[in-house]
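Structure first, commentary second.
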Amino acid sequence: MQPAKINTPASLTGAQASWTLRVQVGANQDEAIAVNIFSTNVANLFGGEGVQAAPAQEEGAQQEGVQPAPAQGGISSPINVTTAIDANASLTKIEDAIRMISDQRENLGAFQNRLESVKA
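This is the structure:
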């Protein structure tokens, strides 16, 4: 996986489904922490292409490249609320999308905490 460039057209348009942010935190080569960030556009959240972020890595851990996990809940069809059954299925899809966003926020928060502990 190529390192992502921040503030490039690809990173701003969400052209990539996910990318890994890796930060060097020590003097040695393998002293880094990483987090996988996924695109939160509708296609990824409701198209079955979404990924769950990988947890932040410990300092000094080997970085083989963080691989995304498969989408949660199999979100693959549009939202439909014409019947009670379809509405319940749609609620499940929305809950899965919210869970994916929540997991991403959790992993980014853990990554931020690791950066703050390294800084201190």
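Numbering (UniProt numbering), first residue to last: 1 to 120. Just so it is clear, CB atoms sit at the ideal spot from N, CA and C, and this is done for glycine as well.
Limits of the beta strand (DSSP E) - the one that residue i falls within
{"i": "residue 32", "result": "32-38"}
{"i": "residue 23", "result": "18-24"}
Among the options, nearest to residue i - alpha-carbon criterion
{"i": "residue 95", "options": "109, 79, 83", "result": "79"}
{"i": "residue 89", "options": "29, 38, 117, 46", "result": "46"}
Rounded separation between residue i and residue j - CA only
{"i": "residue 113", "j": "residue 31", "result": "16 Å"}
{"i": "residue 18", "j": "residue 84", "result": "34 Å"}
{"i": "residue 104", "j": "residue 93", "result": "17 Å"}
{"i": "residue 115", "j": "residue 87", "result": "42 Å"}
{"i": "residue 81", "j": "residue 27", "result": "55 Å"}
{"i": "residue 129", "j": "residue 37", "result": "There is no way to answer for residue 129, as the model of the chain reaches only from 1 to 120."}
{"i": "residue 23", "j": "residue 34", "result": "6 Å"}
{"i": "residue 110", "j": "residue 98", "result": "18 Å"}
{"i": "residue 25", "j": "residue 107", "result": "18 Å"}
{"i": "residue 101", "j": "residue 117", "result": "24 Å"}
{"i": "residue 42", "j": "residue 29", "result": "37 Å"}
{"i": "residue 75", "j": "residue 20", "result": "Here residue 75 scores only 47 on pLDDT, less than 50, and its place in the model should not be relied on; the value that follows carries that caveat. Cα to Cα, residue 75 sits roughly 23 Å from residue 20."}
{"i": "residue 44", "j": "residue 91", "result": "17 Å"}
DSSP state of residue i mapped onto helix, strand, coil
{"i": "residue 113", "result": "helix"}
{"i": "residue 92", "result": "helix"}
{"i": "residue 79", "result": "coil"}
{"i": "residue 107", "result": "helix"}
{"i": "residue 27", "result": "coil"}
Boundaries (first-last residue) of the alpha helix (DSSP H) holding residue i
{"i": "residue 42", "result": "42-46"}
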